[in-house]
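Right, one structure below, let's go through it.
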Amino acid sequence: MNFGLPTLTNTANTSTANSATNDESTTPLERDRPADGSSSTDAGRSSTRATTETDTIIEARGVDVYYDADQALQSVDIEIPERQVTAMIGPSGCGKSTFLRSINRMNDLIDIARVEGELRFHGKNVYDEDVDPVALRRKIGMVFQKPNPFPKSIRDNVAYGLEVQGTTDDIDERVERALKNAALWDEVRDQLDKSGLELSGGQQQRLCIARAIATDPEVILMDEPASALDPVATSKIEDLIEELAEEYTVVIVTHNMQQAARISDKTAVFLTGGELVEFGETEKIFENPDHDRVEDYITGKFG
Amino acid sequence: MNDDSIHADLTGSATGRIAKERLYHWLLFGCAAVTVFVTVSIVLTLAADAITFFEDVELFSFLTGTEWESRRGEYGVLPLVNATLTVTLISAVVAIPIGTAAAVYLSEYASDRMRSILKPALEILAGIPTVVYGYLALVYLTPWLRATGLELNLFNLLSASIMVGILIVPMVSSLSEDAMSAVPDELRQAGYGLGATKYEVSTGIVIPAAVSGIFSSYILALSRAIGETMIVVMAAGAQARMFDTANPFAHLFQSGQTMTAAMVHAVTSDAVGGTPEFYSMFAIGLTLFFITFAMNLLSNRIATRYREEYQ
Numbered sequence: 001m002n003f004g005l006p007t008l009t010n011t012a013n014t015s016t017a018n019s020a021t022n023d024e025s026t027t028p029l030e031r032d033r034p035a036d037g038s039s040s041t042d043a044g045r046s047s048t049r050a051t052t053e054t055d056t057i058i059e060a061r062g063v064d065v066y067y068d069a070d071q072a073l074q075s076v077d078i079e080i081p082e083r084q085v086t087a088m089i090g091p092s093g094c095g096k097s098t099f100l101r102s103i104n105r106m107n108d109l110i111d112i113a114r115v116e117g118e119l120r121f122h123g124k125n126v127y128d129e130d131v132d133p134v135a136l137r138r139k140i141g142m143v144f145q146k147p148n149p150f151p152k153s154i155r156d157n158v159a160y161g162l163e164v165q166g167t168t169d170d171i172d173e174r175v176e177r178a179l180k181n182a183a184l185w186d187e188v189r190d191q192l193d194k195s196g197l198e199l200s201g202g203q204q205q206r207l208c209i210a211r212a213i214a215t216d217p218e219v220i221l222m223d224e225p226a227s228a229l230d231p232v233a234t235s236k237i238e239d240l241i242e243e244l245a246e247e248y249t250v251v252i253v254t255h256n257m258q259q260a261a262r263i264s265d266k267t268a269v270f271l272t273g274g275e276l277v278e279f280g281e282t283e284k285i286f287e288n289p290d291h292d293r294v295e296d297y298i299t300g301k302f303g
Numbered sequence: 001m002n003d004d005s006i007h008a009d010l011t012g013s014a015t016g017r018i019a020k021e022r023l024y025h026w027l028l029f030g031c032a033a034v035t036v037f038v039t040v041s042i043v044l045t046l047a048a049d050a051i052t053f054f055e056d057v058e059l060f061s062f063l064t065g066t067e068w069e070s071r072r073g074e075y076g077v078l079p080l081v082n083a084t085l086t087v088t089l090i091s092a093v094v095a096i097p098i099g100t101a102a103a104v105y106l107s108e109y110a111s112d113r114m115r116s117i118l119k120p121a122l123e124i125l126a127g128i129p130t131v132v133y134g135y136l137a138l139v140y141l142t143p144w145l146r147a148t149g150l151e152l153n154l155f156n157l158l159s160a161s162i163m164v165g166i167l168i169v170p171m172v173s174s175l176s177e178d179a180m181s182a183v184p185d186e187l188r189q190a191g192y193g194l195g196a197t198k199y200e201v202s203t204g205i206v207i208p209a210a211v212s213g214i215f216s217s218y219i220l221a222l223s224r225a226i227g228e229t230m231i232v233v234m235a236a237g238a239q240a241r242m243f244d245t246a247n248p249f250a251h252l253f254q255s256g257q258t259m260t261a262a263m264v265h266a267v268t269s270d271a272v273g274g275t276p277e278f279y280s281m282f283a284i285g286l287t288l289f290f291i292t293f294a295m296n297l298l299s300n301r302i303a304t305r306y307r308e309e310y311q
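Chains A and B supply the protein sequences, listed in that same order. Counting in this note's numbering, the first sequence runs from 1 upward without gaps. Counting in this note's numbering, the second sequence runs from 1 upward without gaps.
Below is the structure:
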């Protein structure tokens, strides 16, 4: 836990015990700012954080997302706890993926997307003007629905993030550690020069997870990471997610309610119209939700 | 009707469907075969007339001769090859960086609006007749280069080469952009998700994934540069000149004659035919053909080697 520490600009130094910490990890989100400028915002922020809940890492307050005139999310409030698995479930088009992609500002890549409200990471609104999305994404990794390894060797895939983040030493060790943490090492240790595309779908997805954790982010966002995989590969990914939550905060979007029930600590239910209807302990959501609409959705009466 | 009529007619013969399909098949095959037929005919024609030429001029002296002076009966192809390769090289130096950078901009950086303006503009550039480029080289580019202090002849290879480079920029950029746009978006997303900048995604992910298409664009553009005729005839002059190892840049500043320009000269000076000069055209043409053919083979090999295939 890193509550009370002046986090945003030097989080990785203090909160991440992992030895993969490197000089880049001290990069402030406000990359272009001089050191003095960012330290003053630090002071302001630690006082803000003192009033927030102990182990919340991501906090949304009234987040609206629009695609042109269409509203995809309506005033979402949520507090995502650190080092736990938070699942987002809901029918297609309910905005759960949109919310996920708002967290690391992937929506910036869509010209017509517009985000309003506050979305805080360690208390700092990631949509503030001084936040560089590139720096943000170095703290918040992402795994996508369709496995998308680069058409490069397995080693180069995992090393890519390290490379762009300026890490040059111990690359091989970091690659090995990431592959081990992604439960892929034993299968690929002798073929690191093979193209990542030659792996099976499940292996490719674990490679993508290795790639995401190689740079040691704090949060890993997963957008239906198992939906393109067979049941065996899916269960491997699920086991892996539970392990990852010991070190990382995992936010996972899934269509599969059983999956959410199996692996998550907290669950957020989005329903049609981009509304976050209920958020709480997974057990409670699945056994005794407050809202009838959520119960209807979970028991399959709707959606 | 006999008792067969209770069964459905599965032969289809009544509708002529099979006959029609067969007709389509052969029509389409015929069109595809035309391209092969034309290529083969060209090579055969070139070869046949080139053989006539080599009855008068020895093959060896043609290939190794360092002087091309048809009036004096000197038929050494090397000065022409020299000029052609010079034009190709310099135009590549101009077109490849500019064309590739333009392609990256169009594919990765430009907004939809910007792209909708720039792409048609580039296509217009590609549609300008080469005679206009030749005129621009002679009337504007050469004087302008002279004004910067270069001691250029009125007709010179440098100016013509730069203009050929400008001519092929749209080819490089348009075909490279197609190759880059075909790279799946998921790969870009993966890069951005890892905290890569747009530049890092473009150079580290998109270009490597599109490299074989980008290479093809280079080769097509360079083949075009090798075969380009009008610009060099107008702006480079008609004096075949050999490469001078003691002063490797000297020939750039002087007039030069490329292989294509020499062919034009052969046709225009003896339209009736029958002389060795006339037949020299076919020998040059055949040489040109072999050069482009070798380039294509080489580029295929390079492209296969560096390809990063995405599914």
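Every residue gets a Cβ at the ideal spot worked out from N, C-alpha and C, and that includes glycine. Just so we're clear, the structure is a prediction, and the values are computed from it rather than from any experiment.
For residue 144/A, the nearest beta carbon of chain B is closer than 9 Å to its own beta carbon.
If you check the CB distance, residue 252/A and residue 86/A come in under 9 Å.
When only Cα atoms are considered, residue 144/B and residue 210/B end up about 37 Å apart. Note that the C-beta distance between residue 238/A and residue 262/A is below 9 Å. Proximity of residue 115/B to chain A, defined by a Cβ-Cβ separation below 9 Å, is not satisfied. Residue burial annotation: residue 268/B is exposed, with fewer than 16 other C-beta atoms found within 10 angstroms of its C-beta.
At a C-beta separation below 9 Å, residue 215/A has these neighbours in chain B: 194 and 195.
Judged by their CB atoms, residue 102/B and residue 175/B are not nearer to each other than the 9 Å cut-off.
Taking the Cα positions, residue 136/B is about 28 Å away from residue 247/B. For residue 117/A, there is no enclosing alpha helix (DSSP H); the residue is part of the beta strand (DSSP E) that begins and ends at 113-121. For residue 132/B, there are no CB contacts under 7 Å within the same chain when 5 residues up- and downstream are skipped.
Beta-bridge partners assigned by DSSP to residue 207/B: none are found. Assignment of beta-bridge partners to residue 220/A by DSSP yields 141/A and 250/A. Residue 194/B holds the alpha-carbon nearest to the alpha-carbon of residue 158/A among 160/B, 134/B, 194/B and 127/B. Under the 9 Å criterion on CB atoms, residue 111/B is classed as interfacial with respect to chain A.
Annotation: residue 122/B to residue 255/A spans about 45 Å, alpha carbon to alpha carbon.
Shown here, residue 124/A sits in a strand according to DSSP, grouped into three states. Legend: CB atoms of the region 207-225 of chain B lying less than 9 Å from CB atoms of chain A belong to residues 208 and 209.
Using a Cβ-Cβ cut-off of 9 Å, residue 106/A counts as an interface residue toward chain B, since at least one Cβ of chain B sits closer than that to its own. For residue 138/B, the closest alpha carbon among the candidates 126/B, 54/B and 164/B is that of 164/B. Rounded to whole angstroms, the separation of the alpha carbons of residue 244/A and residue 220/A is 9 Å.
In the DSSP assignment, residue 61/A falls outside any alpha helix (DSSP H) and lies within the beta strand (DSSP E) extending over 56-67. When 85/B, 98/B and 36/B are compared, the shortest CA-CA separation from residue 259/B is found for 85/B.
Within the region 152-182 of chain A, contact with chain B at the beta-carbon level (separation under 7 Å) is assigned to 152, 160, 161, 164 and 165. The Cβ-Cβ distance between residue 78/B and residue 249/B does not fall below 9 Å. In this structure, DSSP gives residue 205/A a helical state, which the three-state scheme calls helix.
Interface with chain B (9 Å Cβ-Cβ cutoff): residue 134/A is included.
By the Cβ neighbour-count rule, residue 25/B is exposed, with fewer than 16 other Cβ atoms within 10 Å of its own. Across the region 105-124 of chain A, CB contacts with chain B closer than 8 Å involve 106, 109 and 111, in sequence order along the chain.
Any Cβ of chain A closer than 9 Å to the Cβ of residue 108/B would place that residue at the interface, and such an atom is absent. Among the CB atoms of chain A, none fall inside 9 Å of the CB of residue 179/B. Here DSSP, grouped into helix, strand and coil, assigns residue 289/A to coil.
Identification of chain B residues near residue 150/A by a Cβ-Cβ cut-off of 9 Å yields 187, 190, 191, 204, 205, 208, 209, 308 and 310, ordered along the chain.
One thing to note: residue 66/B has its Cβ within 9 Å of the Cβ of residue 76/B.
Close partners of residue 200/B in chain A (Cβ separation under 7 Å): 164. Residues of chain B whose Cβ lies closer than 7 Å to the Cβ of residue 90/A do not exist; the shortest such Cβ separation is about 22 Å.
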